[in-house]
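A.B. asks: Residue numbering for the sequence shown follows this note's numbering, beginning at 1 and increasing consecutively.
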Amino acid sequence: MTTQNVADISTLNVLIPSLQIRDTGTDGQGSIEINMRGIGNSTYVETGEPNVALSVDGVYTARAQAALQMIYDVERIEVSRGPQGTLSGRNASVGAINIISKRPTFDEFDASVELEASNENGRAIRTMLNIPVDDTLAFRANYVKAERDTPYNLVRDDTVIPLGVGINPTHIENFGDPLDTTPGSPGSRDNEAFRLSAYWKPSDAFNWYVTYELYEDKAPGNPLSLLSNRIPSDRYLSPEQRAAVDGDPWTAVNSDPSRLDMTIDNFRSVMEYHMEDVFSAKYTYGHSEFEQTMIQDLDGGIDIQIVFVDEPWTNTSDGHDLTFTSAHGGPFQWTAGLYYFEEKNTRTFGVDFQPFGYVLFHQPDIYAESQAAYADFNYQINDKFNMFAGIRRTEDDRGNRGGGSYGPFTGSDACNNTNALGNENPQTLIGDLDADPTTGMNGQDCRYDDVTNQKDFAYTDWRGGFNFQINDDTMVYLSAATGHKSGLFDTRITVLRTNELVVIPLEPEENLSYEIGAKGTLMNGRFRYAVDYFYMDFKNKQEASILGFGDRFCDLNGDGDADDPGEQDAGCGAGGSFVDLDDNVFADQNEFLVLNVDGLDVQGIEFEYSLMPDPSNVLSGYFTWVDAEFREYLGSSAVDCNTRFGDGQPCPIENWEGNTPKNTPEFTLNATYSHIFSMRSGATLTPTINAYYRSEYHLTNENLEGVSAATLGLSSNESDLYSDLQDGATKLNFFLKYGTKRYDIEFFCTNVLDEDVISHERTDTGGIPTYVYESPREFGFRFRSLF
């Protein structure tokens with residue numbers, strides 16, 4: 001995997017068709033988004049669930065943050081595109097990825113050491129040690145560590161963007177200088193992992209594979225960049241401020257340090273028993289403990305100070321999968337199994353909105369419990385025709401015990417720390433925040449919402465289809481399948497205008513998919529190909545969105561009319577009541593939620609190929625086309641509504657029917673060519689070049705094309721304000737490897753053209769878009785020695 005610089009799952013794009021893996025940077029709270037066939041997860045919090053199930057050695061990984069674990073000493077990576085609900089279970093509605101580690105071997109002692117040095121003071125070490133005890137027991141150990149300074153130019157907020165409120169000295173005292181560029185800073189690399197595995201095979205009938213793995217990550221992800229050409233500069237930036245960031249996406253403005261301390265402990269066990277000519281049984285167990293402490297600067301240097309603090313977040317999960325498979329001859333084969341999974345999240349975090357106050361969330365027990373039974377069948381009708389079918393029944397129990405939140409909301413009822421969190425003061429839970437939550441925002445009363453909740457779900461997934469072998473070189477297939485993404489306990493929102501409690505359900509997301517394709521070889525096996533067409537119909541699609549809860553205007557004098565904004569700011573919440581203005585189309589109370597939208601239609605074509613005219617030359621790659629459109633989808637923008645719709649006005653609720661899901665390019669094209677030069681000494685020299693093209697795509701579901709400053713009546717000359725469009729781009733990667741039987745030396749250069757490609761867009765409370773970028777050019781050398 002290191003040959004193509006695949007060090008973690010975020011770099012798998014170059015290998016797998018229809019796969020987009022995005023580093024969400026600081027906004028993703030230390031996680032990534034896995035997007036397959038145009039569909040990806042829309043939230044990264046403790047209640048969020050993925051659309052692509054990620055497993056390691058068959059053990060499901062629950063949290064998106066854990067997907068960042070390093071890839072090393074891998075046997076293979078299994079990728080299944082399309083719904084995998086029957087065999088992979090919940091949260092595999094568009095696909096599944098299973099990373100298979102190399103097992104210990106019994107034949108001989110084996111060891112390797114790989115050293116790496118790259119630009120930006122990058123360095124890495126990867127080691128492997130295989131120790132056979134006898135012909136039935138062997139151990140394998142790995143240690144890997146990677147560090148790299150940030151490529152970003154980190155600029156202080158209070159000197160470059162005076163609108164910021166400046167540095168919080170408590171944050172710096174606890175977490176360090178926000179301008180530090182060494183490993184552990186925003187955009188840097190600072191992670192390490194250790195794995196110890198044992199493989200015992202006392203007989204051909206029984207084997208047991210056990211693994212313990214520890215992973216640590218101290219790099220908080222890429223920071224948020226401010227593009228001055230996408231905001232009205234004369235309204236928000238002075239000429240000096242614009243000059244500091246204009247045209248340079250690798251300048252990031254920070255007032256607070258962004259730091260991460262993530263630890264993941266994994267224990268995995270795979271036990272197999274084979275009864276010859278009867279059946280095989282496999283029991284897979286996984287236990288994971290995840291802990292994360294974090295602080296992140298989320299404002300990107302604009303006028304509102306936003307800092308996220310996790311103190312800490314812990315997750316514990318256990319998974320059990322018992323599978324029976326037929327092991328007899330004959331045309332009919334079957335698989336059946338039972339599955340059980342449980343997880344618990346404990347999290348207390350705050351978002352510091354300076355100079356207004358902060359919001360505190362206390363979630364002592366967010367839990368999920370899932371159990372399922374499944375069966376899958378294959379029937380070989382003749383030597384050319386095979387039919388398959390499967391079914392899985394899943395029951396989920398999800399809940400939040402004792403959860404609540406503090407929030408500084410105007411006009412809300414008073415609350416205090418005793419009612420909310422027993423005798424524990426919220427100040428001690430956050431620790432480093434310097435505000436007192438009991439005073440609320442601007443000295444007004446805070447609000448406490450009790451979000452204790454529980455809900456059960458049950459759903460059935462199925463698949464069916466056939467394969468037909470036309471001849472020795474060509475096979476065609478047709479299939480239909482379903483997949484589900486788990487639902488969530490109801491969200492409860494207090495409508496500030498009426499003090500009414502609104503309950504919003506989040507039902508399971510369902511995908512019904514149809515696929516037709518062919519696989520084969522040409523040129524006497526030298527050319528291999530696979531092509532397919534798919535159509536997916538999503539119902540209850542889960543999407544992060546903003547929902548309006550009516551107008552919120554204050555009427556202090558009781559005349560039935562809204563007071564002017566000055567009167568509202570001065571006295572609303574101190575005795576006045578809220579007034580509903582039916583003729584106003586703007587929703588003043590907007591809440592960020594994950595909602596079920598009407599649906600989504602996705603269709604596409606995937607073509608993979610591999611050409612090996614001779615053993616020294618290999619050309620491989622893929623082409624994909626994806627067409628995706630939302631059906632009825634009510635959403636609301638968060639992008640600079642004051643400028644776009646008038647001062648004091650929030651964005652209206654809009655119908656985004658026909659919009660394309662975010663991060664879904666219409667076309668992708670990938671090609672990799674390698675040539676092996678054999679030398680008389682027995683050494684080889686292998687140059688490899690890879691080209692990866694993505695057409696343009698939107699960074700949000702809103703699909704903002706951009707407007708000119710003149711259209712908005714502004715004096716600046718920007719022509720593409722607020723655009724969420726990432727232009728099409730091509731990335732080139734180059735590798736040159738000199739190899740012998742005992743050692744390898746490799747030069748590598750990724751993103752040779754140093755393309756600036758946006759990975760993620762975030763809109764802060766002030767409505768100004770900020771951006772996370774994919775990695776810039778990286779080059780260096782690797783040396784690997786075998787013992």
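We treat Cβ as the ideally placed atom computed from N, Cα and C, and that holds for glycine. Bear in mind that the values here come from a model prediction, so they are computed numbers and not experimental data.
Hey, D756 and R777 are a contact pair by Cβ (cut 8 angstroms); roughly how many whole angstroms apart?
C.D. replies: Mapped onto the sequence shown, residue 756 falls at position 756. Mapped onto the sequence shown, residue 777 falls at position 777. Their Cβ separation, rounded to whole angstroms, is 10 angstroms, which puts D756 and R777 out of contact at 8 angstroms.
A.B. asks: How close, in whole Å, do the beta carbons of N659 and N703 come, if the pair is a contact with beta carbons under 8 angstroms?
C.D. replies: Taking the sequence shown and counting its residues from 1, the one referred to as residue 659 is at position 659. Taking the sequence shown and counting its residues from 1, the one referred to as residue 703 is at position 703. Yes, N659 and N703 are in contact; Cβ-Cβ is about 5 angstroms, under 8 angstroms.
A.B. asks: Quick one: what does DSSP say V351 is sitting in, helix, strand or coil?
C.D. replies: The residue labelled residue 351 in the question sits at position 351 within the sequence shown. DSSP places V351 in strand when its eight states are reduced to three.
A.B. asks: Please classify Y209 as buried or exposed, where buried requires at least 16 other C-beta atoms within 10 Å of its C-beta.
C.D. replies: Translated into the one-based positions of the sequence shown, residue 209 becomes position 209. By the 10 Å Cβ count, Y209 comes out buried.
A.B. asks: Under 6 angstroms Cβ to Cβ from F308, same chain only, skipping five residues before and after it: list those, please.
C.D. replies: If you number the sequence shown from 1, residue 308 lands on position 308. Taken in chain order, the residues that qualify are Q296, L298 and V351.
A.B. asks: Within a Cβ cutoff of 6 angstroms, which residues of the same chain sit near V752, ignoring the five residues on either side of it in sequence?
C.D. replies: Here residue 752 refers to the residue found at position 752 of the sequence shown. Only L732 and F734 meet the Cβ criterion.
A.B. asks: The beta strand (DSSP E) that contains S620, what's its start and end?
C.D. replies: Taking the sequence shown and counting its residues from 1, one reaches residue 620 at position 620. Note, S620: beta strand (DSSP E), N617 to F630.
A.B. asks: Report the rounded CA-to-CA distance for D134 versus D217, giving the unit in angstroms.
C.D. replies: The residue you call residue 134 lines up with position 134 of the sequence shown. The residue you call residue 217 lines up with position 217 of the sequence shown. Using only the alpha carbons, I get a separation of about 36 angstroms.
A.B. asks: What residue from A146, G184, K282 and L501 has the CA that sits closest to S258's CA?
C.D. replies: On the sequence shown, residue 258 is found 258 positions in, with the first residue counted as 1. It is G184.
A.B. asks: Considering only the beta carbon of each residue, do I77 and I99 sit closer than 7 angstroms?
C.D. replies: By 1-based counting over the sequence shown, the position of residue 77 is 77. By 1-based counting over the sequence shown, the position of residue 99 is 99. Yes. Within cutoff.
A.B. asks: Should G399 and Q454 be called a contact, given that it needs their Cβ atoms to be closer than 7 angstroms?
C.D. replies: In the sequence shown, residue 399 corresponds to position 399, counting from 1. In the sequence shown, residue 454 corresponds to position 454, counting from 1. Contact: yes.
A.B. asks: Are the Cβ atoms of P615 and R526 separated by less than 7 angstroms?
C.D. replies: One-based indexing of the sequence shown puts residue 615 at position 615. One-based indexing of the sequence shown puts residue 526 at position 526. No, these two residues do not count as a Cβ contact at 7 angstroms.
A.B. asks: So what's V14 in DSSP terms, helix, strand or just coil?
C.D. replies: Residue 14 sits at position 14 when you count from the first residue of the sequence shown. It is helical.
A.B. asks: On a CA-only basis, which of A92, N35, Q380 and S513 is nearest N478? Give me that one, please.
C.D. replies: Counting from one through the sequence shown, the residue named residue 478 turns up at place 478. Reading the sequence as shown, one finds Leu at residue 478 and not Asn. Minimum Cα distance to L478 is reached at S513.
A.B. asks: Using DSSP with H/G/I as helix, E/B as strand and the rest coil, what is L556?
C.D. replies: Walking along the sequence shown from the start, residue 556 turns up at place 556. For L556, the predicted structure reports a pLDDT of 49, less than 50, and the residue's modelled location is therefore unreliable. A value from the coordinates is still provided. Coil, per DSSP.
A.B. asks: Are the Cβ atoms of T452 and G403 separated by less than 7 angstroms?
C.D. replies: Position 452 of the sequence shown holds residue 452. Position 403 of the sequence shown holds residue 403. Yes, the pair counts as a contact, with Cβ atoms nearer than the cut-off.
A.B. asks: Which residues in the same chain have their Cβ closer than 7 angstroms to the Cβ of T47, if we skip the five residues on either side of it in sequence?
C.D. replies: Locating residue 47 in the sequence shown gives position 47, where the first residue counts as 1. Within the same chain, T47 has close Cβ partners I366 and L488.
A.B. asks: Cα-Cα, which of H320, A481, R140 and R189 is closest to D261?
C.D. replies: Taking the sequence shown and counting its residues from 1, one reaches residue 261 at position 261. Of the listed residues, the one whose Cα sits closest to D261 is R189.
A.B. asks: Within 10 angstroms of its Cβ, does S203 collect 16 or more other Cβ (buried), or is it exposed?
C.D. replies: The residue labelled residue 203 in the question sits at position 203 within the sequence shown. S203 is exposed by the Cβ-count criterion.
A.B. asks: Give the single residue among G95, Y60, D265 and V79 whose Cα lies nearest to the Cα of G483.
C.D. replies: Mapped onto the sequence shown, residue 483 falls at position 483. Comparing Cα-Cα distances from G483 to each of G95, Y60, D265 and V79, the minimum goes to G95.
A.B. asks: What do you reckon, are the CB atoms on T150 and G187 nearer than 7 angstroms?
C.D. replies: For the purposes of this step, residue 150 is taken as residue 150 along the sequence shown, with counting starting at 1. For the purposes of this step, residue 187 is taken as residue 187 along the sequence shown, with counting starting at 1. Result yes, Cβ atoms of T150 and G187 sit closer than 7 angstroms.
A.B. asks: Apart from the five residues just before and just after D397, which ones in its own chain have a Cβ nearer than 6 angstroms to its Cβ?
C.D. replies: Indexing the sequence shown from 1 puts residue 397 at position 397. Closer than 6 angstroms at the Cβ level, and outside the excluded window around D397, lie E369 and D456.
A.B. asks: Would you identify the three-state DSSP class for T664, choosing helix, strand or coil?
C.D. replies: Reading the sequence shown from its first residue, position 664 is the one you call residue 664. Here T664 sits in coil by DSSP.
A.B. asks: With C-beta atoms as the reference, is E289 less than 7 angstroms away from D265?
C.D. replies: Numbered from 1 along the sequence shown, position 289 holds the residue referred to as residue 289. Numbered from 1 along the sequence shown, position 265 holds the residue referred to as residue 265. Their beta carbons are under 7 angstroms apart, which means E289 touches D265 by this criterion.
A.B. asks: Got a sec? Which residues, its chain only, sit under 6 angstroms from S610 by beta carbon, not counting five neighbours each side?
C.D. replies: Translated into the one-based positions of the sequence shown, residue 610 becomes position 610. Excluding residues within five positions, the ones whose Cβ falls inside 6 angstroms are R528 and S620.
A.B. asks: If you draw a straight line from the C-alpha of F267 to the C-alpha of R195, how long is it?
C.D. replies: Looking up residue 267 in the sequence shown gives position 267. Looking up residue 195 in the sequence shown gives position 195. Rounded to whole angstroms, F267 to R195 spans 10 angstroms at the Cα level.
A.B. asks: Apart from the five residues just before and just after D473, which ones in its own chain have a Cβ nearer than 6 angstroms to its Cβ?
C.D. replies: Here the question's residue 473 lines up with position 473 in the sequence shown. For D473, where only same-chain residues beyond five positions count, the Cβ hits under 6 angstroms are G520 and T521.
A.B. asks: Give me the residue from Y633, N701, R680 and V618 with the minimum Cα distance to N690.
C.D. replies: The residue you call residue 690 lines up with position 690 of the sequence shown. Of the candidates Y633, N701, R680 and V618, the one whose C-alpha sits nearest the C-alpha of N690 is V618.
A.B. asks: Select from G706, T251, D376 and P331 the residue whose C-alpha is nearest the C-alpha of V639.
C.D. replies: To locate residue 639, count along the sequence shown from 1; it is residue 639. The shortest C-alpha separation from V639 is found at G706.
A.B. asks: Work out the CA separation of E591 and S545 for me, nearest whole Å.
C.D. replies: Here residue 545 is taken as the residue at index 545 of the sequence shown, counted from 1. Here residue 591 is taken as the residue at index 591 of the sequence shown, counted from 1. When rounded, the distance between both Cα atoms is 8 angstroms.
A.B. asks: On the CB-based measure, 16 or more other CB atoms within 10 Å of its CB, does A117 come out buried or exposed?
C.D. replies: What you label residue 117 is simply residue 117 of the sequence shown in a count that begins at 1. Flag for A117 reads exposed.
A.B. asks: Specify, as a first and last residue, the run of the beta strand (DSSP E) that Q296 falls within.
C.D. replies: To locate residue 296, count along the sequence shown from 1; it is residue 296. F279 to D297 is the span of the beta strand (DSSP E), which, as asked, contains Q296.
A.B. asks: May I ask you to report which of helix, strand or coil DSSP gives V585?
C.D. replies: Along the sequence shown, read from residue 1 onward, the residue named residue 585 stands at position 585. With a pLDDT of 38 at V585, under the threshold of 50, the predicted position of this residue should be treated as unreliable, though the coordinate-derived value follows. Coil.
A.B. asks: Taking T181 as the reference, which of D376, E114 and V253 has the closest Cα?
C.D. replies: Residue numbering aside, residue 181 sits at position 181 when the sequence shown is read from its first letter. Nearest to T181 by alpha-carbon distance, out of D376, E114 and V253, is V253.
A.B. asks: Can you give me the C-alpha to C-alpha distance between I16 and I39, rounded to a whole angstrom?
C.D. replies: Locating residue 16 in the sequence shown gives position 16, where the first residue counts as 1. Locating residue 39 in the sequence shown gives position 39, where the first residue counts as 1. About 15 angstroms.
A.B. asks: How far does the beta strand (DSSP E) with Y806 in it reach, from first residue to last?
C.D. replies: The question about residue 806 has no answer, for the chain in this structure spans 1 to 787.
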